[in-house]
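Asks: Residue numbering for the sequence shown is 0 to 628, as defined by numbering that gives the first Met the number 0.
Before I ask anything, let me first share the structure, which is written out below as structure tokens.
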Amino acid sequence: MSSSFVAKIMEHAVKLEQKTFHDKLDVLTMKLSEMEVEMFQLAESKYVHFHPNFLTGQSLIQKVHDVQDEMATIEKTWNTQVKGQLSLSTGEFHNLNQELSAAKTVHAGLAYLADIYELLETSARSLESKKYSQAAVTLLKLEAYMKQPLIEQNDKITILAAMKTEFRIRFATLECNLSDLWHDLLKWTVKTSPESSNGAATLNEISISVTCNGSDSSELDELVEGLYISNLLSGKMKAFANMFQEHVIPLILDNVHLNITLKTLKQTKTLSIRCHDVQSSDTSQESAKNYPTGEKMYIHIFGNLMNILDYLQKLFLHVEYGRNEATTMLDVSSASETNSTSSSFSKGTLMSLLGQSVSSWLLDLLQKTVLAKAIPSSAKDLAGFSEVIGVTQLLQDQLLKLRFIQPDNTVLMQYVQNINILFANKKSQTTLEKAHSLMTSDLHDTVAVAEDKPIGEWPPLTRGGVKKSQRLDSAVEHQLSDNTLRMPKCRISENIQTLMMLAYETLCEATESSPECATQMFYAVRNMFELFYHVVPTYHSQNFEAFPQIAALHHNNCMFIAHHLLTLSHQFAPKLPSPDNKTFVDLIEKIRRSGVEVFLAQLNRQRSLLLEYLGGADGFGRMEASDLP
0 MSSSFVAKIM
10 EHAVKLEQKT
20 FHDKLDVLTM
30 KLSEMEVEMF
40 QLAESKYVHF
50 HPNFLTGQSL
60 IQKVHDVQDE
70 MATIEKTWNT
80 QVKGQLSLST
90 GEFHNLNQEL
100 SAAKTVHAGL
110 AYLADIYELL
120 ETSARSLESK
130 KYSQAAVTLL
140 KLEAYMKQPL
150 IEQNDKITIL
160 AAMKTEFRIR
170 FATLECNLSD
180 LWHDLLKWTV
190 KTSPESSNGA
200 ATLNEISISV
210 TCNGSDSSEL
220 DELVEGLYIS
230 NLLSGKMKAF
240 ANMFQEHVIP
250 LILDNVHLNI
260 TLKTLKQTKT
270 LSIRCHDVQS
280 SDTSQESAKN
290 YPTGEKMYIH
300 IFGNLMNILD
310 YLQKLFLHVE
320 YGRNEATTML
330 DVSSASETNS
340 TSSSFSKGTL
350 MSLLGQSVSS
360 WLLDLLQKTV
370 LAKAIPSSAK
380 DLAGFSEVIG
390 VTQLLQDQLL
400 KLRFIQPDNT
410 VLMQYVQNIN
420 ILFANKKSQT
430 TLEKAHSLMT
440 SDLHDTVAVA
450 EDKPIGEWPP
460 LTRGGVKKSQ
470 RLDSAVEHQL
480 SDNTLRMPKC
490 RISENIQTLM
500 MLAYETLCEA
510 TESSPECATQ
520 MFYAVRNMFE
530 LFYHVVPTYH
540 SQNFEAFPQI
550 AALHHNNCMF
560 IAHHLLTLSH
570 QFAPKLPSPD
580 NKTFVDLIEK
590 IRRSGVEVFL
600 AQLNRQRSLL
610 LEYLGGADGF
620 GRMEASDLP
């Protein structure tokens, strides 16, 4: 009897708990329904009809947060108490579970819309207070949040579509504000001189102005950070780099003397780079004397470049991006397409971004237009190249300090430290250019070849150049004729004599150079004679046909060159690196044949002309004895 009484009491208690849970769930469902209406009215009023209702929005957001606590309490009660007691009542369990699931779905939707509303309002307040980085972070978080669909057909939710439109407007507004501020902050002024006689204007002054409001650079820092987070900084710096590349670098390279000043007027700092025209000053003649030569221009160019970069660093390129904790908030949206490009940049300064855009191009240009001119033209000046290496090291250290280049970028130092190859390349190129100029000049100016002291007097061979075992004892017993290997008296072209002197001078310099340089200079001389074999017969072919004297001179020129090539390699072999096919013998036959062919062609042409003239006069048949004197 007592047991049945206890069972009734327990059953009654369970029913009371169920009724209480059901009542709480009904109240919560009613609240959610009311908030659904309020949320719709709020979004429609603010983002469709554009009526300000800040207080209403804040109170609604607070209600959503409060309901979230109630929802958590009810769900906990359901899982710990009610759910187990309804195991025997399947129908009632199913109904309550459906009601709870529906309430959770409605609350999730309200929380989703409330979060979007709150992020939109936060971005608006941040933009109004000029906290551009915070506004950018908020909008990027909002974009990532919106990409998480509430339901499968989000587009059919009217207020959600209105919120997305509002987001796009806010983001476009942020981008426009940032772009306008950057444009107002940074201004370029490019001045050119009047057009010269050739119709081209000359760039003579550049000014870069930066205006920062306030006593410090906090607004500039905030602007740069906002541009970086919005993925706009890279584009702005690329535009600046294009101006720097188009105007500043040519001014540095074309003008050794520059007046570089940094002035401050109120909130504006201005960097002025002005060309100092040496020839227009009162002391033009004295200045022209002190104007640096091509091999010394690197000192002034590197100095001007370092000064300008240092001033730009002080002006605004020292500002860092990705420096504060706001960027760490982007981790949530780092996988999104919008931020994928922005996150690819490592944290750095505006100077490092400038370096990313132009450093490779600039370093290559400095090698070709500045350092290439500083390479010595003769082996005796190689010792002085250490000064070039020192100045280049200073430039590289300064670029690294400014973060214009990366620590592993040693292009300039690798270039100047390879001086032996650079010198050999320059010497070879200069030799071939001079040779080509001589070969394409007129051949009719002649000079006589003397028997007593022919051009290219042989330098003395070094002692021990030939092994003693290879010396022939018969060379002492049998005297050679004085005419052995003697060039007969003749006349040759003056430029060919100069060409041969160039070959001897280059080989003599090779004997005083490093093994790498000596080898390359030897082959430059060899290439010079191969160039003669191919260029001269083709370039002067018409003169060879029209003028017999020129054809005869070419024959003498070829024999003169072949005469020297016969022993040229033997003269310098003892002082050059190991032979390894260092010879000119294979060119002798080619050059001789070239001269003979041109000369024989001219002889055949003259013979044909004589036969033609004789044919027109019927030979000598009509001549009579009485006509003879």
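Quick reminder that beta carbons are idealized off the backbone N, C-alpha and C, glycines included.
Under a three-way DSSP split, which group does residue 300 fall into?
Replies: Mapped onto the sequence shown, residue 300 falls at position 301. Three-state DSSP puts residue 300 in a helix.
Asks: Measuring only the C-alpha atoms, how far is residue 383 from residue 309?
Replies: Here residue 383 refers to the residue found at position 384 when the sequence shown is read from its first residue. Here residue 309 refers to the residue found at position 310 when the sequence shown is read from its first residue. Straight-line Cα distance between these residues: approximately 28 Å.
Asks: Classify residue 354 as buried or exposed, calling it buried when 16 or more other Cβ atoms lie within 10 Å of its own Cβ.
Replies: By 1-based counting over the sequence shown, the position of residue 354 is 355. Classification of residue 354: buried, given that the 10 Å Cβ count is 16 or more.
Asks: What's the call for residue 187, buried or exposed, on a 16-neighbour Cβ count within 10 Å?
Replies: Translated into positions along the sequence shown, residue 187 becomes position 188. Exposed, by the Cβ-count rule.
Asks: Considering only C-alpha positions, which residue in the set 303, 209, 220 is nearest to residue 262?
Replies: The residue labelled residue 262 in the question sits at position 263 within the sequence shown. The shortest C-alpha separation from residue 262 is found at 209.
Asks: Reducing DSSP to helix, strand and coil, say where residue 128 ends up.
Replies: Reading the sequence shown from its first residue, position 129 is the one you call residue 128. In this structure, residue 128 counts as coil in the three-state DSSP scheme.
Asks: Determine which residues share a DSSP beta bridge with residue 491 and list them.
Replies: In the sequence shown, counting from the first residue as 1, residue 491 sits at position 492. For residue 491, which the question treats as bridged, DSSP gives the partners 446.
Asks: Where does the unbroken beta strand (DSSP E) through residue 439 begin, and where does it stop?
Replies: In the sequence shown, counting from the first residue as 1, residue 439 sits at position 440. Premise fails: residue 439 is in no beta strand (DSSP E) and is neither H nor E.
Asks: Would you identify the three-state DSSP class for residue 383, choosing helix, strand or coil?
Replies: Counted from its first residue, the sequence shown places residue 383 at position 384. Under the three-state reduction of DSSP output, residue 383 falls in the helix class.
Asks: Kindly indicate the opening and closing residues of the alpha helix (DSSP H) around residue 206.
Replies: As a first step, residue 206 must be located in the sequence shown, where it is residue number 207. Segment 202-210 is the beta strand (DSSP E) holding residue 206; no alpha helix (DSSP H) there.
Asks: If you draw a straight line from the alpha carbon of residue 256 to that of residue 392, how long is it in whole angstroms?
Replies: Numbered from 1 along the sequence shown, position 257 holds the residue referred to as residue 256. Numbered from 1 along the sequence shown, position 393 holds the residue referred to as residue 392. Roughly 22 Å between the two C-alpha positions.
Asks: State the DSSP-derived secondary structure class of residue 259, mapped to helix, strand or coil.
Replies: Residue numbering aside, residue 259 sits at position 260 when the sequence shown is read from its first letter. Strand.
Asks: Using a C-beta cutoff of 8 Å, does residue 300 count as contacting chain B?
Replies: Absent here is chain B; the protein component of the structure consists of one chain.
Asks: From residue 494 to residue 408, what does the alpha carbon distance come to, in whole angstroms?
Replies: Within the sequence shown, residue 494 is the residue found at index 495, counting from 1. Within the sequence shown, residue 408 is the residue found at index 409, counting from 1. Answer to the nearest angstrom: the Cα atoms are 47 Å apart.
Asks: In chain order, what residues of the same chain lie with their CB nearer than 8 Å to the CB of residue 497, ignoring the 5 residues before and after it?
Replies: Along the sequence shown, read from residue 1 onward, the residue named residue 497 stands at position 498. Once the five neighbours on either side are set aside, the close Cβ partners of residue 497 are 437.
Asks: Relative to the alpha-carbon of residue 258, which residue among 427, 372, 538, 299 has its alpha-carbon at the smallest distance?
Replies: Numbered from 1 along the sequence shown, position 259 holds the residue referred to as residue 258. Here the closest residue by C-alpha is 299.
Asks: Note the first and the last residue of the continuous alpha helix (DSSP H) segment covering residue 552.
Replies: Working through the sequence shown from its first residue, we reach residue 552 at position 553. Residue 552 -> alpha helix (DSSP H) spans 547-571.
Asks: So residue 271 and residue 218 are in contact, right, with Cβ under 8 Å, and what is the actual spacing, rounded?
Replies: Stepping through the sequence shown from its first residue, residue 271 is reached at position 272. Stepping through the sequence shown from its first residue, residue 218 is reached at position 219. Not quite, the Cβ-Cβ distance comes to about 24 Å (not below 8 Å), so this is no contact.
Asks: Would residue 297 and residue 370 be called neighbours here (beta carbons separated by less than 8 Å)?
Replies: The count along the sequence shown starts at 1 and reaches residue 297 at position 298. The count along the sequence shown starts at 1 and reaches residue 370 at position 371. Yes, Cβ-Cβ distance for residue 297 and residue 370 is below 8 Å.
Asks: When we look at the beta-carbon of residue 611 and count the other beta-carbons within 10 Å, is it buried (16 or more) or exposed?
Replies: For the purposes of this step, residue 611 is taken as residue 612 along the sequence shown, with counting starting at 1. Taking all protein chains in view, the Cβ of residue 611 is surrounded by fewer than 16 other Cβ atoms within 10 Å, so the residue is classified as exposed.
Asks: Taking just the CA atoms, how far does residue 373 sit from residue 140?
Replies: Residue numbering aside, residue 140 sits at position 141 when the sequence shown is read from its first letter. Residue numbering aside, residue 373 sits at position 374 when the sequence shown is read from its first letter. The alpha-carbon atoms of residue 140 and residue 373 are separated by roughly 55 Å.
Asks: Expressed to the nearest angstrom, what Euclidean distance is found between the alpha-carbon atoms of residue 489 and residue 447?
Replies: Counting from one through the sequence shown, the residue named residue 489 turns up at place 490. Counting from one through the sequence shown, the residue named residue 447 turns up at place 448. Their Cα atoms are separated by approximately 6 Å.
Asks: Buried or exposed for residue 570, please, with buried defined as at least 16 other CB atoms from any protein chain shown within 10 angstroms of its CB.
Replies: Counted from its first residue, the sequence shown places residue 570 at position 571. Only buried fits residue 570, as 16 or more other CB atoms lie within 10 angstroms of its CB.
Asks: Output needed for residue 532: all residues of its chain with C-beta closer than 8 Å, excluding positions within five of it in sequence on either side, in chain order.
Replies: The residue you call residue 532 lines up with position 533 of the sequence shown. Taken in chain order, the residues that qualify are 586, 589, 590, 593.
Asks: For residue 314, which residues from the same chain have a beta carbon less than 6 Å from its beta carbon, with the 5 sequence-adjacent residues on both sides left out?
Replies: Mapped onto the sequence shown, residue 314 falls at position 315. Closer than 6 Å at the Cβ level, and outside the excluded window around residue 314, lie 209, 268, 270.
Asks: Look at the alpha carbon of residue 322 and the alpha carbon of residue 395, and state the distance between them as a whole number of angstroms.
Replies: Within the sequence shown, the letter at position 323 stands for residue 322. Within the sequence shown, the letter at position 396 stands for residue 395. Roughly 26 Å between the two C-alpha positions.
Asks: Between residue 240 and residue 349, what straight-line distance do the alpha-carbon atoms span, to the nearest angstrom?
Replies: Position 241 of the sequence shown holds residue 240. Position 350 of the sequence shown holds residue 349. Going by the C-alpha atoms only, they are around 11 Å apart.
Asks: Indicate the three-state DSSP secondary structure (helix, strand or coil) for residue 607 in the structure shown.
Replies: The sequence position of residue 607 within the sequence shown is 608, counting from 1. It is helical.
Asks: Give the C-beta separation of residue 507 and residue 419 to the nearest angstrom, bearing in mind that I take them to be a contact with Cβ-Cβ under 8 Å.
Replies: Reading the sequence shown from its first residue, position 508 is the one you call residue 507. Reading the sequence shown from its first residue, position 420 is the one you call residue 419. Incorrect: roughly 18 Å between the Cβ atoms, too far for contact.
Asks: Does DSSP classify residue 186 as helix, strand or coil?
Replies: Against the sequence shown, residue 186 aligns to sequence position 187. Three-state result, residue 186: strand.
Asks: Check whether the Cβ atoms of residue 177 and residue 251 lie closer than 8 Å to each other.
Replies: Within the sequence shown, the letter at position 178 stands for residue 177. Within the sequence shown, the letter at position 252 stands for residue 251. No, these two residues do not count as a Cβ contact at 8 Å.
Asks: Determine the direct distance from the alpha carbon of residue 356 to that of residue 171, and round the result to whole angstroms.
Replies: Indexing the sequence shown from 1 puts residue 171 at position 172. Indexing the sequence shown from 1 puts residue 356 at position 357. Each residue's alpha carbon lies about 26 Å from the other.
Asks: Alpha carbon to alpha carbon, how far is residue 367 from residue 135?
Replies: Position 368 of the sequence shown, counted from the first residue, corresponds to residue 367. Position 136 of the sequence shown, counted from the first residue, corresponds to residue 135. Taking the straight line joining both Cα atoms gives about 43 Å.
Asks: Could you give the first and the last residue of the continuous alpha helix (DSSP H) run that contains residue 525?
Replies: Within the sequence shown, the letter at position 526 stands for residue 525. Residue 525 -> alpha helix (DSSP H) spans 514-538.
Asks: Residue 421 to residue 513, Cα distance in whole Å?
Replies: Translated into positions along the sequence shown, residue 421 becomes position 422. Translated into positions along the sequence shown, residue 513 becomes position 514. Taking the straight line from one Cα to the other gives about 12 Å.
Asks: Report the rounded CA-to-CA distance for residue 110 versus residue 169, giving the unit in angstroms.
Replies: In the sequence shown, counting from the first residue as 1, residue 110 sits at position 111. In the sequence shown, counting from the first residue as 1, residue 169 sits at position 170. Computed Cα separation, rounded: 21 Å.
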